[in-house]
Ligand SMILES: *Cc1c(COP(=O)(O)O)cnc(C)c1O
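Numbering (this note's numbering), first residue to last: 6 to 425.
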């Protein structure tokens, strides 16, 4: 299904016109398609077939409770990176036994919270973290299930800010230090070694980096096996890319088939549960940011469309130079198209959403910034004391408000002037 399509020149989300959503909820508003989220997750499930695979949704891509709840109902596990994300999963009744806890800097409080909840596994990123987790678990009288996040030194071929599997990145335990770390984990009394994991980056558009990482993990699995350290699961992380422009990421089917094939050629490859931690590829293309043109202006030859969404709503262009398609919500044939930079009201030259887009535009028109389901609202801030956007999930002809637009007074409700 294509969740956002034109019907008689008007852009729809499923069976509802985006114009109606703007009239009802205002702008800027994030609009997600329920069907697109469920379908994307379902494709992973179909690709897994009868294999022992657990797809955990990486919450940080989009942590709205409605999205988490929807995926929990579809049978997803969850990949969390903070105590806050754990609370979100618990708030919708998600099963702790399906949560893996990633992240390079877990605090003691977060470890306690996760141990008390009974998460499936801690993805541990250093020897110091092993020692801390052992101590925290011991104090609670529990054994912590652990996997070590190995840095396989594989180039994911993606933007430096979202590449995580290279030696120079802060993430994981270096491949050549992993054996020693596993020996430490195996002798600590309050830890239980369960698996091995890696996550080499995001927006990966080829299969090869995943296979290279798997090969590196399997080398370690063999070395551990020889020492009598048995693992239950292999976690290959997330990172599958989506199409923003003309990228050609592998299908979920092709990625899984290649991974299964590699495992089938390993003597014990079929015996491990496989865990994945996908975020972007589940929600990225399931959302748009709906925004209205406030002003058109021209500085010399340069034309700007100043819209009511800004870098605080959608930071990816400013942060990564990311490209998002910009779609007119109503296609016009009554004026000539011009090249516009689509910019927001924030006082920064870095406040742009798209550059040099050919569009026929008038003030007051609505635009949809495409592929805005992942790492968009999740990264939104209140910079310039701007209220964060509303979020709506469309289901057929129905629109459900799943996050209210923030009230301005709430933006400074926690602040206090000094006493007079
Ligand atoms: C961000 C992250 C993911 C999800 O990455 P996507 O590119 O959104 O699939 C998975 N695992 C870890 C550890 C992460 O940090």
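We put the beta carbon where it would ideally sit given N, CA and C, even for glycine.
Can you tell me which residues form a DSSP beta bridge with residue i?
i	result
residue 302	309
residue 150	197
residue 83	62 and 104
residue 11	16
residue 297	371
residue 292	37
residue 333	372
residue 283	62
residue 239	201 and 279
residue 215	DSSP lists no partner for residue 215.
Looking at C-alpha atoms only, which residue of the options is the closest neighbour of residue i?
i	options	result
residue 94	153, 7, 412 and 64	64
residue 373	380, 407 and 314	314
residue 219	138, 176 and 267	267
residue 90	13, 177, 70 and 368	70
residue 35	405, 422 and 79	405
residue 433	210, 225 and 67	Given that the chain is displayed from residue 6 to residue 425, the structure contains no residue 433 and the question cannot be resolved.
residue 119	48, 145 and 130	145
residue 80	46, 153 and 29	46
residue 130	409, 75, 187 and 100	187
residue 25	275, 348, 299 and 335	335
residue 101	370, 288, 123 and 269	123
residue 31	323, 296, 418 and 308	296
residue 77	67, 92 and 97	97
residue 294	307, 280 and 347	347
residue 287	246, 354 and 126	246
residue 357	215, 326 and 126	326
residue 182	174, 164, 153 and 29	153
Using the three-state DSSP reduction, which class does residue i fall into: helix, strand or coil?
i	result
residue 133	helix
residue 389	helix
residue 244	coil
residue 189	helix
residue 207	coil
residue 63	strand
residue 326	coil
residue 46	helix
residue 343	strand
residue 415	helix
residue 363	strand
residue 406	strand
residue 255	coil
residue 179	strand
residue 222	helix
residue 423	coil
residue 22	strand
residue 358	strand
residue 338	coil
residue 398	strand
residue 124	coil
residue 155	strand
residue 97	coil
residue 351	coil
residue 250	coil
residue 116	helix
residue 109	coil
residue 1	Past the boundaries of the shown model lies residue 1; the chain is included only from 6 to 425, so the question cannot be answered.
residue 318	coil
residue 263	helix
residue 172	coil
residue 29	helix
residue 160	coil
So residue i packs on residue j, CB below 8 Å; how close in whole Å?
i	j	result
residue 241	residue 203	7 Å
residue 284	residue 359	The Cβ separation is near 23 Å, so there is no contact.
residue 399	residue 38	6 Å
residue 158	residue 172	5 Å
residue 341	residue 33	The pair is not a contact, with the Cβ atoms about 27 Å apart (cut-off 8 Å).
residue 212	residue 259	7 Å
residue 243	residue 377	At roughly 18 Å, the Cβ-Cβ gap does not stay under 8 Å, so residue 243 and residue 377 are not in contact.
residue 19	residue 51	Residue 19 to residue 51, Cβ: 21 Å. No contact.
residue 344	residue 369	Contact flag wrong, Cβ pair sits at about 20 Å.
residue 298	residue 59	About 44 Å separates the two Cβ atoms, so there is no contact after all.
residue 392	residue 410	6 Å
residue 176	residue 156	6 Å
residue 121	residue 189	Residue 121 to residue 189, Cβ: 24 Å. No contact.
residue 355	residue 323	4 Å
Can you confirm whether the segment 79-90 touches the segment 105-121 when touching is taken to mean that 3 or more C-beta pairs between the two stretches lie within less than 8 Å?
yes
When the Cβ atoms of the segment 193-200 are set against those of the segment 142-158, are three or more pairs found closer than 8 Å?
yes
Are the segment 413-422 and the segment 50-60 in contact at 8 Å, needing three or more beta carbon pairs?
no
Cβ contact check for the segment 295-310 and the segment 122-141: 3 or more pairs under 8 Å
no
Stretch-stretch touch, CB-based, cutoff 8 Å, three pairs: the segment 317-331 with the segment 255-264
no
Under 8 Å: do the segment 380-398 and the segment 312-326 share three or more Cβ pairs, one atom per stretch?
yes
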